[in-house]
Amino acid sequence: MIRTTIFALTAALLVAAPAAARGDRDQDNLREAAAQGQVIPLNRLVADIRSRPPYNEMTYLGGPQFDAGRMIYALKFMDGNQVVVVYVDARTGRIVGRKP
């Protein structure tokens with residue numbers, strides 16, 4: 247039983263490690279791009295989106311996701327009972343998509 251648990255935990259760590267490393271690289275790349283003025287700083291980007299209708303009526307949930315390949319942020323808002331994900335270009339601040 248203990249051996250099975252240890253094996254399962256080890257396997258989970260081996261699977262999670264590459265994703266964590268990729269996330270760290272994305273964050274490093276993002277910080278460098280922001281320092282060079284290639285992307286809008288996240289706090290400014292979020293403040294800008296939160297000031298626009300209809301997002302100014304919604305609750306920002308935090309925990310943004312970042313796609314380094316496309317330079318797109320996914321920002322989550324709560325609209326009543328529904329989560330709305332807004333996709334924002336990190337370079338321009340332009341909204342490029344929304345679900346739902």
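Letter by letter, the sequence shown follows residues 247 to 346 of the working numbering.
Glycine included, every Cβ here is placed at the ideal spot set by N, Cα and C.
Since this is a predicted model, take the numbers as computed values, not measurements.
Query                                                         : Result
Distance, Val-331 Cα to Arg-277 Cα                            : 23 Å
Which residues DSSP lists as bridging Gly-343, in chain order : Tyr-333
Ala-281, DSSP secondary structure in three states             : helix
Backbone secondary structure at Ala-293 - three-state DSSP    : helix
Sheet register partners of Ala-320 (DSSP bridge)              : Gln-311 and Tyr-333
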